[in-house]
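*Asks:*
Protein chains in written order, with our numbering: chain F, 5 to 260; chain U, 5 to 260.
1) I need the DSSP call for residue 105 of chain F, collapsed to helix, strand or coil.
2) By Cβ distance below 6 Å, which residues in the same chain neighbour residue 251 of chain U in space, the five residues on each side in sequence not counted?
3) Using a Cβ cut-off of 7 Å, pull out every chain F residue sitting near residue 103 of chain U, in sequence order please.
4) Residue ranges of each alpha helix (DSSP H) run of no fewer than 4 residues wholly in the region 129-158 of chain U, ordered along the chain?
5) Can you check whether the C-beta of residue 31 of chain U is within less than 8 Å of a C-beta belonging to chain F?
6) Are the Cβ atoms of residue 26 of chain U and residue 203 of chain U separated by less than 8 Å?
7) In terms of alpha-carbon separation, which member of F/55, F/212, F/71, F/66 lies closest to residue 62 of chain U?
8) Would you decide whether residue 242 of chain U is buried or exposed? Buried here means 16 or more other CB atoms lie within 10 Å of its CB.
9) For a contact defined as C-beta to C-beta under 8 Å, what are the partners of residue 34 of chain F on chain U?
10) Under a three-way DSSP split, which group does residue 233 of chain U fall into?
11) If we ignore side chains and look at the alpha-carbon of each, how far apart do residue 215 of chain F and residue 180 of chain F end up?
12) Just to confirm, is the Cβ distance from residue 45 of chain U to residue 76 of chain U under 8 Å?
13) Looking at the C-beta of residue 13 of chain U, does it have a partner C-beta in chain F at a distance below 8 Å?
14) Answer yes or no: do residue 48 of chain U and residue 105 of chain U have a C-beta to C-beta separation smaller than 8 Å?
15) Give the residues of chain U in contact with residue 142 of chain F, contact being defined as C-beta atoms less than 7 Å apart.
16) Can you find the residues in the same chain that come closer than 6 Å, C-beta to C-beta, to residue 2 of chain U, ignoring five residues on each side of it along the sequence?
17) In terms of residues, what are the limits of the alpha helix (DSSP H) holding residue 69 of chain F?
18) If you measure from the beta carbon of residue 236 of chain U to each beta carbon in chain F, is any gap under 8 Å?
19) Compile a chain-ordered list of the residues in the region 35-55 of chain F whose CB is closer than 8 Å to at least one CB of chain U.
20) Quick one: residues in its chain with C-beta nearer than 7 Å to the C-beta of residue 56 of chain U, no 5 flanking neighbours on either side, listed in chain order?
21) Taking 8 Å as the threshold (beta carbon to beta carbon), is residue 146 of chain F in contact with chain U?
22) Between residue 258 of chain U and residue 210 of chain U, what straight-line distance do the alpha-carbon atoms span, to the nearest angstrom?
23) Counting C-beta neighbours from all protein chains within 10 Å, is the total for residue 237 of chain F 16 or more, i.e. buried, or is it exposed?
24) What are the start and end residues of the alpha helix (DSSP H) that includes residue 26 of chain U?
25) Cα-Cα, which of U/117, U/88, U/8 is closest to residue 173 of chain U?
26) Just to confirm the assignment, what range does the beta strand (DSSP E) spanning residue 76 of chain F have?
27) Residues of the region 61-86 of chain U with a CB closer than 9 Å to any CB of chain F: list them in chain order, please.
28) How many Å lie between residue 205 of chain F and residue 195 of chain F at the Cα?
Structure representation (structure tokens):
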């Protein structure tokens with residue numbers, strides 16, 4: 005299994021604090037040491053850092069911790085391989101383009117006996133169930149929508165389709181186009197929405213605290229999503245099995 | 005205009021030396037300071053580092069210079085914007101998936117009045133002529149080949165199609181799937197093939213030398229492709245206008 009980290013905010017925000025704790029779980033405070041990745045959307049652009057080294061010791065992870073990239077949507081993943089060998093092609097998150105938008109996907113879980121990907125546009129490069137599921141989602145959406153759908157159309161379609169994939173096993177995932185971030189829980193996923201009045205937060209995985217008052221403005225709203233809560237002194241919302249939500253401008257809306 | 009750097013080798017090789025000189029041209033020894041990017045293939049996987057900061061001062065470029073990522077195919081680009089604003093979506097190289105393979109593309113030049121991209125699979129995210137040309141190439145290839153073609157089929161098809169795009173302006177580009185690297189010259193592109201007996205090379209842009217004898221084995225063969233030669237004491241091959249070649253295992257073959 006793996007661990008997921010996501011962020012959706014109403015203003016470009018850096019994820020250095022959360023990632024500092026999360027990265028420890030890739031080989032230091034936990035055993036998810038089969039590679040890691042993080043995608044930052046910046047407007048329509050996206051940059052995706054991948055490494056097959058453990059995040060706790062990767063030079064790229066060290067860069068990401070100290071280089072404050074400001075983004076409204078971030079998805080990160082540390083891998084404990086279940087299907088597919090440890091290499092770059094099997095490292096999450098995965099990226100594809102649909103409707104002239106980059107989409108990013110990362111998965112924690114294990115899916116078996118997925119249908120083959122049909123259609124012309126999206127084929128897995130690596131050998132994970134995760135990338136296959138991503139290609140199935142995109143192929144399905146492409147068949148339904150020739151142009152980019154509205155958020156309402158998209159969430160209705162995903163609410164219809166995702167359970168058919170989730171029936172194949174454990175399917176905790178995050179999916180974003182840089183504007184909206186969808187999160188689906190099969191077994192374990194938590195989120196927290198930070199907004200004024202801001203407080204001090206302490207990481208679980210490192211002896212590090214941050215006073216969000218010092219790094220925010222009163223209108224900021226930041227949702228952080230993680231497999232296991234990242235802080236010791238905040239109340240994280242546990243998602244239920246089969247629940248799907250989307251985040252937009254740091255606000256959460258239930259889909260399933 | 006922009007500058008291009010590429011590498012194709014028969015063994016995984018790091019590009020730290022060449023990139024050290026090349027990165028200087030993004031804001032220090034030359035004026036290509038509107039962002040930069042570099043893509044490293046590792047087997048079927050690919051990692052793409054992008055930044056809209058000048059490569060001469062980018063923290064990500066600094067990482068790439070000191071973190072020796074070994075790859076058989078690398079494409080890098082430093083941008084001097086002609087079409088499209090300076091942002092991440094317009095930063096080269098661009099990446100898409102076709103036939104279950106990642107493909108990487110970077111362009112130096114300026115194309116006008118390109119046809120619109122038709123077909124379902126590839127649409128530009130940003131606003132550059134370059135990404136539009138890349139989408140046109142992939143759409144054309146997808147229409148011709150439902151499955152990955154052989155190198156002979158692919159190079160014949162590109163030889164037929166690329167001149168129709170090159171007729172729209174200046175089209176120096178590199179294109180790779182991690183196995184083969186195609187290079188097309190409209191105005192300026194050079195390459196060098198390093199193989200035994202290896203010698204010492206001195207960078208143009210920095211007071212740095214390397215003795216390739218110390219970092220190679222006798223069977224290594226490494227082609228380096230660059231807009232303007234990177235070293236002072238080696239003989240680089242200038243490509244002709246309208247010439248296209250591919251590199252495979254560090255060997256060059258003429259296509260056009």
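Quick reminder that beta carbons are idealized off the backbone N, C-alpha and C, glycines included.
Predicted model, so just to flag it, every value in this text is computed and none were measured.
*Replies:* So, from the data block:
1) strand
2) 12, 185, 227
3) 127
4) 133-148
5) no
6) The answer is no: Cβ separation not under 8 Å.
7) F/71
8) With fewer than 16 other Cβ atoms within 10 Å, it is exposed.
9) Chain U residues near residue 34 of chain F: none, gap ~24 Å exceeds 8 Å.
10) In this structure, residue 233 of chain U counts as coil in the three-state DSSP scheme.
11) Taken atom to atom, the span from the alpha-carbon of residue 215 of chain F to that of residue 180 of chain F is near 28 Å.
12) Yes, the pair counts as a contact, with Cβ atoms nearer than the cut-off.
13) no
14) Yes, the Cβ-Cβ distance between residue 48 of chain U and residue 105 of chain U is below 8 Å.
15) In chain order: nothing, as chain U lies at least about 10 Å away.
16) Outside the shown range of chain U, which is 5 to 260, sits residue 2 of chain U, and nothing can be said about it.
17) 63-70
18) Under the Cβ distance rule, residue 236 of chain U does not count among the residues neighbouring chain F, no pair being separated by less than 8 Å.
19) Cβ contacts with chain U: 46, 47, 48, 49, 50, 51, 52, 53, 54, 55.
20) 39, 90, 91, 92, 95
21) yes
22) 32 Å
23) exposed
24) Its alpha helix (DSSP H) spans residues 20-28.
25) Relative to the Cα of residue 173 of chain U, the nearest Cα in the group U/117, U/88, U/8 belongs to U/117.
26) Bounds of the beta strand (DSSP E) holding residue 76 of chain F are 75-82.
27) 63, 64, 66, 67, 70, 71
28) So the two alpha carbons sit approximately 14 Å from each other.
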